[in-house]
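Below is one structure, written out as structure tokens, with a few remarks after it.
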Amino acid sequence: MGSDDSVSYDTIVKGGHKFAVLTLKPADSRHLFTKELIGEYSKRLQQAVGDNVQGLITTHQGNWFSGGFDYHSAPPVEDFRKLIAEFIQLPFPTVAYIRGRAYGAGFTLALLHDYLVLSNNSPLSLRQDELANGHELPPYAVALVRDKFQLLASLELLVSSAYVTAPKFAPITEYVNPYVGWTVDEVVNKLLQPLVGLVGRNYGSVRKILLPQVCQLVKPKPAGSRL
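This note's numbering applies: residue 19 is where the sequence shown begins, and numbers increase by one.
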């Protein structure tokens, strides 16, 4: 499967406004992050910016949003850091629409979106499983969780590798509860359309303010510096 087959790009037009939908494919894949998949996803983000969309939804085919990094090869940690930096600057609201599993770097990508919309049934499961699987947690993954959640929830997610599952979605219940079980139409009508008037550079600036720790870590690094 070529990288061009791994992320599809579609648009939804509502009320004269265009919204992008990125879908991780195919249905029988865990959508593990390789350098190629990250590059394809980045290309789709650039396409959305070029199309002047008013919002973006990332979703998936099959039971996996993403299983994280592909550890059968060198994990593309630096490429993912650059993707995070690119994502944070997007001038429109973003929604992760998940009906399956998001683990490791997949969990990080889900949380990177402004809103997280989850289904209310199996096989929905989110987990930051890097430590549980003997891998090092990238600093930007830790920073993103700390920017979004209080210390106790962060410890459960990062150290205990807690599973986030229906119906309670602990320890991030308050973060996801307002949108559980929504359809794509509801996401567009209730989340994205009301924010159309805010789209622009200032929207991205607010996101940076809300994510100060991760922004500090994903800034372009001087030549010769280490992660």
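Don't be surprised by glycine CBs; every beta carbon is placed ideally from N, CA and C.
Check: Let me know the secondary structure DSSP gives V177 once reduced to three states.; Outcome: coil
Check: Alpha carbon to alpha carbon, how far is Q146 from A180? Give it in angstroms, no decimals.; Outcome: 7 angstroms
Check: Which of helix, strand or coil does DSSP assign to V113?; Outcome: strand
Check: Consult DSSP for A188 and reduce its assignment to one of helix, strand or coil.; Outcome: coil
Check: Quick check: L209 and Y133, are their CB atoms within less than 7 angstroms of each other?; Outcome: yes
Check: Which of the three DSSP states, helix, strand or coil, is assigned to Y27?; Outcome: strand
Check: F83: which of S137, G68, A103 sits nearest, CA to CA?; Outcome: S137
Check: Would you mind sorting K311 into buried or exposed? The rule is 16 or more other CB atoms within 10 Å of its CB.; Outcome: The displayed coordinates of the chain run from 19 to 245. Any statement about residue 311 would go beyond what the structure contains.
Check: Nearer than 6 angstroms: is that true of the beta carbon of V217 relative to any heavy atom of the ligand MG?; Outcome: Of the ligands one can find in the structure shown there are none, so the ligand MG has no counterpart to examine.
Check: Please work out which residues of its chain come closer than 8 angstroms, Cβ to Cβ, to N207, disregarding the five sequence neighbours upstream and downstream, and give them in chain order.; Outcome: K32
Check: Which of the three DSSP states is assigned to L144 in this structure?; Outcome: strand
Check: How would you call R62, buried or exposed, if buried means at least 16 neighbouring beta carbons within 10 angstroms?; Outcome: buried
Check: Determine the burial state of L228: buried for a count of at least 16 other Cβ atoms within 10 Å of its Cβ, exposed for fewer.; Outcome: exposed
Check: Among S91, I30, H153, V224, which has the Cα closest to the Cα of D69?; Outcome: I30
Check: Work out the CA separation of V224 and I106 for me, nearest whole Å.; Outcome: 10 angstroms
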